[in-house]
Structures are given as structure tokens and as C-alpha cells.
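A short write-up of the structure that comes next.
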Amino acid sequence: MRVTVCGTRGSTPAPGVEFLRYGGHTSCLAIAHDGAPPTLILDAGTGIRRVSSLLGERPFEGAVLLGHLHWDHTQGLPFFIAGTLLGSSVDVYAPAQGSTEAVLSRFMSPPHFPITPGELRGSWRFDALEPGISNIAGFSVLALEIPHIGGRTFGFRVSDGRSTIAYLSDHCPTRLGPGPDGLGERHEAALTLAADCDILFHDAQYTDEELPARGHFGHSSAGYAVALAEEASSRRLLLYHHDWMRTDHEIDAMVDRYKGAAVAVDGAFQDMVIDVG
Numbered sequence: 071m072r073v074t075v076c077g078t079r080g081s082t083p084a085p086g087v088e089f090l091r092y093g094g095h096t097s098c099l100a101i102a103h104d105g106a107p108p109t110l111i112l113d114a115g116t117g118i119r120r121v122s123s124l125l126g127e128r129p130f131e132g133a134v135l136l137g138h139l140h141w142d143h144t145q146g147l148p149f150f151i152a153g154t155l156l157g158s159s160v161d162v163y164a165p166a167q168g169s170t171e172a173v174l175s176r177f178m179s180p181p182h183f184p185i186t187p188g189e190l191r192g193s194w195r196f197d198a199l200e201p202g203i204s205n206i207a208g209f210s211v212l213a214l215e216i217p218h219i220g221g222r223t224f225g226f227r228v229s230d231g232r233s234t235i236a237y238l239s240d241h242c243p244t245r246l247g248p249g250p251d252g253l254g255e256r257h258e259a260a261l262t263l264a265a266d267c268d269i270l271f272h273d274a275q276y277t278d279e280e281l282p283a284r285g286h287f288g289h290s291s292a293g294y295a296v297a298l299a300e301e302a303s304s305r306r307l308l309l310y311h312h313d314w315m316r317t318d319h320e321i322d323a324m325v326d327r328y329k330g331a332a333v334a335v336d337g338a339f340q341d342m343v344i345d346v347g
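Spelled out as C-alpha cells, the structure:
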């Protein structure tokens, strides 16, 4: 399995020289089977624009999984060029909450946007996803509901039968209680998704010190991500969904803080390519 990180930011894009190394685009991963072009995309933040170049400007044939429907995970959809080419086939899955196409139309339709999802060029289908295991784009995908705010939110566990990644991009475990260290509950869904995975991509929008004042926005601290990865025996943790105000140097400092952890900790950066397993 090859994973390309196409966007790492949370909330809103972060342009500027202070954000070059970790990148300014919002959430998106592109996942491919060995030696093949990407067929599975996790989230459609502005980073999805970068997937087209991975395809050599060929039409995309595969699926887009949306963990939830906030702007920083959906705004890239109409700008996904490879999905709008003749011959494309795009299945968009989102947590079930009525018609997925109708829900997406709330932000993508006049007067907010010139066209609706149904008017995208190419072949698009919009599906509602329930918790459980599905075979999507040739991968086994486990979707489980995790706490966030402002709409139903899923975390994902993706496997090709040889390697596994877990993806909890927006996660607010303090909604379930303070947990053993005040950073949030290490609850069953999170532990199941992360258990023994090769790589855990996890929300680390805040430092532990910022969490009391900012946790009500619906995100995790880096310390929680590390504790979850350790308890779940994840092999590697990539801190993700970086705060839109956090500079490259500040993310470096966040990563350095966990050099002594029982799990390998790094910061996910834009255009990072990982051959998993």
C-alpha cells in the first residue's frame, strides 16, 4: 500500500513561508495498491487538488471517503480535476445522515457555489456509509463513529491484507470524558481503529497545554494521539490536521517533544509518500 499525503492542515488552508515544509492544504490522503495509481482518497480538503498530478492527468477511477462534512474536508471536491475528466468514475462516501448528495449541496450550490454536486463533469455517485466493514476500491475499510462536533464523524481503518493504516483526522475524545490523563477518553472505537496498525494518522491540532482553552472546538491534543498510539500498539504515529496557525518550527517542536515515546512519532507533511508495511 502506498500513501501520499496531499493535505495536512485543519480548519482552513495555511498559505505562507512559515508553512512550507508541512504544507498549507487541508486534509487529504491518496492511497494506492502497489505499483498502481491511487484509487482511494481519504477526505477532500483542498489537498485533493494534488491527487490529479499523481494520476498523470488521467481520469480518476475509485472512491473518496469523507470522514465528515466540514469545509476543510470537502472544499476540494469541485477542484478535483481528475474526477471531472471524461472517463472518470468517482464514488463519494460520507457518514449516513440522509442523502449524501443533498447534504453536500448545502455548501455546494448557488448562491454559495456556481454548481451542485450533481452537475460535476465526469461520472460521480454519492453514497451514505454506515459503521462497519466495507470493500471499497479494493481495500478493506472499517468505519467507526468517533466524537467530534457539528455532524456525524467517522474514523477509518484501511487494509490491503498486508498492511494497515488508521485515520482519525478530527477527534474530540474529551466529549466522552477526561480519560486517565485529562486529555480525553481512549475509547473503544479509537482503540479498535488504531490497534496494531502500521501507521496511525491522528488529529493533533492542539498542544496539551492548549486543550483546556480550545478543546471545545472539537479536536485532540498531540499528547492524546501519542497515548492512544502507545495503548493501541500502533507502530508509527503521524501527527495530522495541524492547526492553521501552527508554523513549521512549532510543529517541529511538537514532534521533538515525543522523541522518547514508545511509538515512533513524526509530523505528517504535504507530499510525503509512504510505502506501508
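Numbering (our numbering), first residue to last: 71 to 347. The beta carbon of each residue, even a glycine, is placed where N, CA and C say it ideally should be.
Check                                                                                                                                                                                 : Outcome
If C76 sits next to V134, beta carbons under 8 Å apart, how far is it from one beta carbon to the other, in whole angstroms?                                                          : With a Cβ gap of about 12 Å, C76 and V134 do not count as contacting.
Could you name the residues that DSSP lists as bridge partners for A164?                                                                                                              : A198
Whose C-alpha, out of F224, P217 and Q340, is nearest the C-alpha of E200?                                                                                                            : F224
Sort out for me which residues DSSP pairs Y294 with in a bridge.                                                                                                                      : Y294 pairs with nothing; no bridge assigned.
Of the residues A338, G247, T262 and D266, which one's Cα is nearest the Cα of A292?                                                                                                  : A338
Starting from the Cα of F183, find the closest Cα among F149, A295 and R327 and give me that residue.                                                                                 : F149
Kindly list the residues whose CB is nearer than 8 Å to the CB of I185, restricted to its own chain and excluding five residues on each side of it in sequence; keep chain order.     : P148, M178 and S179
Can you tell me whether D142 is helix, strand or coil according to DSSP?                                                                                                              : helix
In this structure, how does DSSP classify R79 when only helix, strand and coil are distinguished?                                                                                     : strand
Looking at C-alpha atoms only, which residue of T74, A198, G80 and I216 is the closest neighbour of Y310?                                                                             : G80
Please work out which residues of its chain come closer than 6 Å, Cβ to Cβ, to G254, disregarding the five sequence neighbours upstream and downstream, and give them in chain order. : P243, T244 and Y294
Should H312 be labelled buried (16 or more other beta-carbon atoms within 10 Å of its own) or exposed?                                                                                : buried
Could you give the residue range of the beta strand (DSSP E) that holds S210?                                                                                                         : F209 to E215
Would I111 and L124 be called neighbours here (beta carbons separated by less than 8 Å)?                                                                                              : no
Is G225 helix, strand or coil by DSSP?                                                                                                                                                : strand
Give the straight-line distance between the Cα atoms of L190 and R232, rounded to the nearest whole angstrom.                                                                         : 35 Å
Check whether the stretch 259-269 and the stretch 160-174 touch, using three or more Cβ-Cβ pairs below 8 Å as the test.                                                               : no
Which word fits S303, buried or exposed, when buried means at least 16 other C-beta atoms lie within 10 angstroms of its C-beta?                                                      : exposed
How long is the line joining the alpha carbons of F130 and S159, rounded to whole angstroms?                                                                                          : 6 Å
Does L270 pass the burial test, meaning 16 or more other C-beta atoms within 10 Å, or should it be called exposed?                                                                    : buried
Flag this pair as yes or no: are the beta carbons of L212 and R227 separated by less than 8 Å?                                                                                        : yes
Taking 8 Å as the cut-off, decide whether the C-beta atoms of G288 and I219 are in contact.                                                                                           : yes
Take the Cβ of V296 as the centre, count every other Cβ of all protein chains shown within 10 Å, and call the residue buried at 16 or more, exposed below.                            : buried
Kindly list the residues whose CB is nearer than 7 Å to the CB of T317, restricted to its own chain and excluding five residues on each side of it in sequence; keep chain order.     : E88 and F89
Under the three-state reduction of DSSP, which class applies to G153: helix, strand or coil?                                                                                          : helix
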